[in-house]
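Engineer: Starting off with a structure, shown below.
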Amino acid sequence: QKEVEQNSGPLSVPEGAIASLNCTYSDRGSQSFFWYRQYSGKSPELIMFIYSNGDKEDGRFTAQLNKASQYVSLLIRDSQPSDSATYLCAVQAGNQFYFGTGTSLTVIP
Amino acid sequence: DAEITQSPRHKITETGRQVTLACHQTWNHNNMFWYRQDLGHGLRLIHYSYGVQDTNKGEVSDGYSVSRSNTEDLPLTLESAASSQTSVYFCASSPSVGNIQYFGAGTRLSVL
Chain A
6 QKEVEQNSGP LSVPEGAIAS LNCTYSDRGS QSFFWYRQYS GKSPELIMFI YSNGDKEDGR
66 FTAQLNKASQ YVSLLIRDSQ PSDSATYLCA VQAGNQFYFG TGTSLTVIP
Chain B
3 DAEITQSPRH KITETGRQVT LACHQTWNHN NMFWYRQDLG HGLRLIHYSY GVQDTNKGEV
63 SDGYSVSRSN TEDLPLTLES AASSQTSVYF CASSPSVGNI QYFGAGTRLS VL
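Line by line, the protein sequences give chains A and B. All residue numbers for the first sequence refer to the working numbering, where the first residue is 6 and numbers rise by one. All residue numbers for the second sequence refer to the working numbering, where the first residue is 3 and numbers rise by one.
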C-alpha cells in the first residue's frame with residue numbers, strides 16, 4: 006500500500022465549476038498536509054497547507070482534512086483554464102515527506 | 003530574492019559514469035531534499051538533510067549519495083549511472099521539519 010494515494014484522473018471540469026481533488030494517506034501519525042500544483046515541464050509550487058482537522062480557505066481554494074478518515078481534499082471554486090495542471094498531495098510523516106502520484110485536472114473553457 | 007537553483011538543467015551521460023547534480027539555496031534553510039519524478043511514480047524521495055553534516059536515505063536511495071558541507075548546497079551524486087536513473091530530479095528546501103518545501107526548477111537527466 007502506498008503512503009499517499011490519489012486518483013490519477015484525468016479530471017475534467019467546465020470553466021466556472023468546482024473541481025474536487027482527493028487524497029488518502031496510510032500513516033495515522035501524519036502531521037502536515039500539502040497541496041502542490043505542477044504545470045507540465047515545471048516544478049511543483051505550493052497551493053495550500055493544512056495541519057488541523059477541518060477546512061482552510063485561501064481565495065478560490067479550500068483544503069479539507071479529516072484525520073479520522075485519513076483523508077485530505079482540495080476544492081477549487083470557479084475553476085479557470087489556468088488551473089489546468091497536475092495536483093500533488095504531500096504528507097509529512099515523521100521525518101519524511103510522501104507525495105502522491107498526482108491528479109491531472111483539465112478545465113474546459 | 004532568495005531562491006533555489008539547480009544545475010545543469012539538462013544532462014546526457016553514459017552508463018557507468020559518475021554524475022553530480024548541483025543544488026544551491028539562498029534562503030538559509032536547514033532542510034534540503036532530493037526527489038526524482040517518473041511517470042506513474044510521482045515524486046520519490048532520494049536523500050534528505052536536516053543540517054550541515056547530516057544526511058539521510060529516502061525511499062529510493064540506492065545508487066545515489068549526498069553530502070552537506072554547508073547550509074546552501076546539497077549535491078547529488080550518481081556513483082555509476084544506470085539507465086534506470088533516467089529521470090527528472092528536483093531539489094527542495096524547507097526551513098524546518100513539516101514546513102513548506104520550495105522546489106528548484108529541476109534537472110532532466112538522460113543515461114544512455
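All C-beta atoms, glycine included, are put in the ideal place defined by N, C-alpha and C. None of these values were measured; they are calculated from a predicted model.
1) Measuring CB to CB, does A:L26 end up less than 7 Å from A:Y41?
2) For B:G60, which residues in the same chain have their Cβ closer than 7 Å to its Cβ, ignoring the five residues on either side in sequence?
3) Pick from A:K72, A:I113, A:G46: whose alpha carbon is nearest that of A:A98?
4) Using a cut-off of 9 Å between C-beta atoms, extract the partners of A:G107 located in chain B.
5) Pairing CB atoms from the stretch 17 to 35 of chain B with CB atoms from the stretch 61 to 76 of chain B, are three or more of them under 8 Å?
6) Mind checking if A:Q4 is an interface residue toward chain B, Cβ cutoff 7 Å exclusive?
7) Give the residues of chain A in contact with B:Q27, contact being defined as C-beta atoms less than 7 Å apart.
8) In the DSSP assignment, what are the bridge partners of B:N101?
9) Distance check for B:K13 and B:L114, CA to CA, integer angstroms please.
10) Report the neighbours of B:I102 on chain A: residues whose CB is nearer than 8 Å to its CB, in chain order.
11) With 16 other CB atoms within 10 Å as the buried threshold, where does A:A68 fall?
12) Beta-carbon separation of A:D83 and A:G14 under 7 Å?
13) Identify the continuous beta strand (DSSP E) that holds A:K47 and give its terminal residues.
14) Can you tell me whether A:D88 is helix, strand or coil according to DSSP?
Structural biologist: So, to answer that:
1) For the purposes of this step, residue 26 of chain A is taken as residue 21 along the first sequence, with counting starting at 1. For the purposes of this step, residue 41 of chain A is taken as residue 36 along the first sequence, with counting starting at 1. The Cβ atoms of A:L26 and A:Y41 lie no closer than 7 Å to each other.
2) Here residue 60 of chain B refers to the residue found at position 58 of the second sequence. Leaving aside the five residues that flank B:G60 on each side, the residues in its chain whose CB is nearer than 7 Å to its CB run, in chain order, L47, I48, H49, Y50.
3) Along the first sequence, read from residue 1 onward, the residue named residue 98 of chain A stands at position 93. Residue A:K72 is the option with its Cα nearest to A:A98.
4) Here residue 107 of chain A corresponds to residue number 102 of the first sequence, with the count starting at 1. Within chain B, the residues placing a beta-carbon under 9 Å from that of A:G107 are G44, L45, ordered along the chain.
5) They touch, by the three-pair rule.
6) Within the shown structure, residues of chain A are numbered from 6 to 114, placing residue 4 of chain A beyond reach of any answer.
7) Residue mapping note: residue 27 of chain B aligns to position 25 of the second sequence, counting from 1. Those do not exist, as B:Q27 stays about 13 Å from chain A at its closest Cβ, beyond 7 Å.
8) Along the second sequence, one-based indexing puts residue 101 of chain B at 99. None; B:N101 has no bridge partner.
9) In the second sequence, residue 114 of chain B corresponds to position 112, counting from 1. In the second sequence, residue 13 of chain B corresponds to position 11, counting from 1. Each residue's CA atom was taken as its position, placing B:L114 and B:K13 some 11 Å apart.
10) As a working mapping, residue 102 of chain B is identified with position 100 in the second sequence. Neighbours of B:I102 across chain A, judged by C-beta separation under 8 Å: F39, L51, F54.
11) Position 63 of the first sequence holds residue 68 of chain A. So A:A68 counts as buried.
12) Counting from one through the first sequence, the residue named residue 83 of chain A turns up at place 78. Counting from one through the first sequence, the residue named residue 14 of chain A turns up at place 9. Between A:D83 and A:G14, the C-beta spacing is not below 7 Å.
13) Stepping through the first sequence from its first residue, residue 47 of chain A is reached at position 42. A:K47: not part of any beta strand (DSSP E); DSSP gives it neither H nor E.
14) Counting from one through the first sequence, the residue named residue 88 of chain A turns up at place 83. Here A:D88 sits in helix by DSSP.
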